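Working notes, structure below.
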Amino acid sequence: MSLTIGWFTTAEDKKAHDLFTSTYKAIQESDIKANIAYLFCDRQRGEDATSDQFLDSVQDLGLNLITYSSQEFQKSLQSHPNEKETSLPPDWFDEYHRQIMEKISTYPIDIALLVGYTPRVSVEFIKKYTTIQFRSALPDGPSGNWQTVIWQLIGTRSAEAGATLHLLTEEDPDRGIPITYCNYFIKKKEFSSLWQDLDQKMRTQSLIQLMTTEGESLPLFTAIKDAGEEVESPLINLTLKELSSGVISFKDHQVYRNGELLVNGYCLTQEIENFLIKQEEGEEEKFLEEEKSLKEGEEAHT
């Protein structure tokens, strides 16, 4: 079985690009039996330099690229500019996604995968497409983009963080039900000095002030971000691998793994840890082989 994916993103930062690149590479190397029918972005060229670079890289790969600016769409719905107040219909995303569905209608897909995709998808979209959303948080963790999630983890002094892939449903189009997830601890020994650094700084500044003065350069924020990025690509790729092999399946808006109903999602933490160990061993072996080859080359010239 080969899985056909429609990839949806706002392409607003390097992280979104890296997650896409990791999956594309895994597909090219046949680690995942899948293909990407298209990448859809709700930004068009010229809106942001970062997203422009992302779109250029996708086009360079020869993939189908579809863009439709959610920002411009929202502007078109606002009240006349001469009026004192402007308004945006609360359900603007319904019409927006109706138009998106027209644009992607010629590309059949098995799943619509939302990774760093900002607009809320419509119920009509979820009815038509099996829609999976990636979130940089545990199934019951904070809401919002990955930056907001990290600040909430710091603010609540959480002991663990994680990432989740959700199956969006008509009943819950915002969060849906968890498919797979992983967790990692952010109060283990390696983080101790960073929490102490935070406590020291909070003697003279509030967390809100630190968000302004240091922002994402705050050492604790950076460490949590790095720890998350290490496991997020493997989570997406291992999940797609299980979907393409039929290990994970969907029926009547429910998730099954090896035929058994998953109520709270399946934890892939151990599988991800094993994957990272093998990856590190593979990189070390590759390095040693290169060193050996280089040494042999030098000896041959002496």
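Numbering (my numbering), first residue to last: 86 to 387.
Every residue, glycine too, gets a C-beta built ideally from N, C-alpha and C.
Predicted, not measured: the structure shown is a model, and the values here were computed from it.
Review point. How long is the line joining the alpha carbons of PRO319 and LYS274, rounded to whole angstroms?
Key: Reading the sequence shown from its first residue, position 234 is the one you call residue 319. Reading the sequence shown from its first residue, position 189 is the one you call residue 274. So the two alpha carbons sit approximately 24 Å from each other.
**Study point:** With 16 other Cβ atoms within 10 Å as the buried cut-off, status of GLU168
**Key:** Taking the first residue of the sequence shown as 1, we reach residue 168 at position 83. Reliability of the predicted coordinates at GLU168 is poor, the pLDDT of 49 falling under 50, and the value obtained from them is presented with this limitation in mind. Per the 10 Å Cβ criterion, exposed.
**Study point:** Beta-carbon gap between CYS267 and LEU353 smaller than 8 Å
**Key:** Against the sequence shown, residue 267 aligns to sequence position 182. Against the sequence shown, residue 353 aligns to sequence position 268. Against a cut-off of 8 Å, the Cβ pair of LEU353 and CYS267 comes out as a contact.
**Study point:** Three-state secondary structure (DSSP) of LEU295
**Key:** As a first step, residue 295 is located in the sequence shown; it is residue number 210 there, counting from the start. Residue state, collapsed to three classes: helix.
Practice item. Would you mind giving the Cβ-Cβ distance between LEU238 and PRO224, rounded to the nearest angstrom? I have them listed as a contact below 8 Å. Key: To locate residue 238, count along the sequence shown from 1; it is residue 153. To locate residue 224, count along the sequence shown from 1; it is residue 139. About 15 Å; that fails the 8 Å criterion.
Review point. Hey, quick one: how far does the alpha helix (DSSP H) through PRO175 stretch, first residue to last?
Key: For the purposes of this step, residue 175 is taken as the residue at position 90 of the sequence shown. Segment: none, PRO175 is in no alpha helix (DSSP H) and carries neither H nor E.
Exercise for review: With a 10 Å radius around its C-beta and 16 neighbouring C-beta atoms as the bar for buried, classify ALA197 as buried or exposed.
Suggested key: Position 112 of the sequence shown, counted from the start, is the residue given in the question as residue 197. Buried, by the Cβ-count rule.
Practice item. Entirely within the segment 302 to 341 and at least 3 residues each: give me those beta strand (DSSP E) ranges in chain order. Key: 333 to 336
Review point. How about the segment 93 to 108 and the segment 320 to 336: do they share at least three Cβ pairs that are nearer than 8 Å?
Key: yes
Review point. Which same chain residues, not among the five before or five after SER277, have their C-beta less than 8 Å away from its C-beta?
Key: In the sequence shown, the residue the question calls residue 277 occupies position 192. Cβ within range, chain order: n/a, list empty.
Review point. Would you report the Cα separation of GLU255 and ILE211, rounded to the nearest angstrom?
Key: Reading the sequence shown from its first residue, position 170 is the one you call residue 255. Reading the sequence shown from its first residue, position 126 is the one you call residue 211. Using only the alpha carbons, I get a separation of about 7 Å.
Practice item. Give the secondary structure of LEU353 by DSSP, where H, G and I count as helix, E and B as strand, and everything else as coil. Key: Taking the sequence shown and counting its residues from 1, one reaches residue 353 at position 268. Of the three classes helix, strand and coil, the one that applies to LEU353 here is coil, per DSSP.
Review point. Taking the alpha carbon of LYS188 as the point to measure from, which residue in GLN355, ALA248, ALA122 has its own alpha carbon closest?
Key: For the purposes of this step, residue 188 is identified with residue 103 of the sequence shown, where counting begins at 1. The candidate whose alpha carbon is nearest that of LYS188 is ALA122.
Review point. Which first and last residues belong to the beta strand (DSSP E) in which GLU475 is found?
Key: Residue 475 lies beyond the range of the chain shown here (86 to 387); nothing can be said about it.
Exercise for review: In the DSSP assignment, find the alpha helix (DSSP H) that holds LEU238 and state where it starts and stops.
Suggested key: In the sequence shown, residue 238 corresponds to position 153, counting from 1. Note, LEU238: alpha helix (DSSP H), 231 to 240.
Exercise for review: Assign ARG220 to one of three DSSP states: helix, strand, or coil.
Suggested key: On the sequence shown, position 135 is the one that residue 220 refers to. Looking at ARG220 - three-state DSSP - the assignment turns out to be strand.
Point to revise | Candidates SER142, PRO263, GLU157, SER155: closest to ILE333 by CA position | key: In the sequence shown, counting from the first residue as 1, residue 333 sits at position 248. Residue PRO263 is the option with its Cα nearest to ILE333.
Exercise for review: Label VAL316 either buried or exposed according to how many other C-beta atoms from any shown protein chain fall within 10 Å of its C-beta, with 16 as the threshold for buried.
Suggested key: For this step, residue 316 is matched to residue 231 along the sequence shown. By the neighbour-count rule (16 or more Cβ atoms within 10 Å), VAL316 is buried.
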